[in-house]
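Q: The structure's right below; bear with me while I get my questions together.
In the numbering used here, the protein residues as written are 41 to 161.
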């Protein structure tokens, strides 16, 4: 049974400006070490940072939560052994709803989008 659905779209330029403005501070505050290493290794790092940012927003929407109570890094977007994206939850958000997440990520030209479904276990 579906417990929640979340979608988020963001302009890649917005994340690029945030990174250029605050540098490592923004990256360290929002992304886990694993996410940072992955994005920084990619040809278009801003695209990859932006789509992961959108994914974090979409995950929160599935829970109906805001950022005030959750750390950005408590939601981690990684790739499985086949290269497909998946979400790993850390800290107290992990206890909010133990369910299975399905995630789809895409980026095209100036936009990045994430779509997440939370299925109740």
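In this text, a Cβ means the ideal position worked out from N, Cα and C, and glycines have one as well.
For residue 119, report the span of its beta strand (DSSP E) as first-last.
A: Translated into the one-based positions of the chain shown, residue 119 becomes position 79. Segment 115-119, the beta strand (DSSP E) holding residue 119.
Q: Between the segment 51-58 and the segment 100-118, do at least 3 Cβ pairs fall closer than 8 Å?
A: No, because fewer than three Cβ pairs between the segment 51-58 and the segment 100-118 fall closer than 8 Å, the two stretches do not touch.
Q: Does the beta-carbon distance from residue 136 to residue 125 come in below 8 Å?
A: Walking along the chain shown from the start, residue 136 turns up at place 96. Walking along the chain shown from the start, residue 125 turns up at place 85. For residue 136 and residue 125, no; Cβs fall outside 8 Å.
Q: Could you give the C-beta distance for residue 152 and residue 70, rounded to a whole number, given that I count them as a contact under 8 Å?
A: Counting from one through the chain shown, the residue named residue 152 turns up at place 112. Counting from one through the chain shown, the residue named residue 70 turns up at place 30. For residue 152 against residue 70, the beta-carbon gap comes to about 14 Å, at or over 8 Å, which does not count as contact.
Q: Starting from the N-terminal side, write out each stretch of the alpha helix (DSSP H) that is 4 residues or longer and does not extend beyond the segment 66-122.
A: 73-81, 85-103
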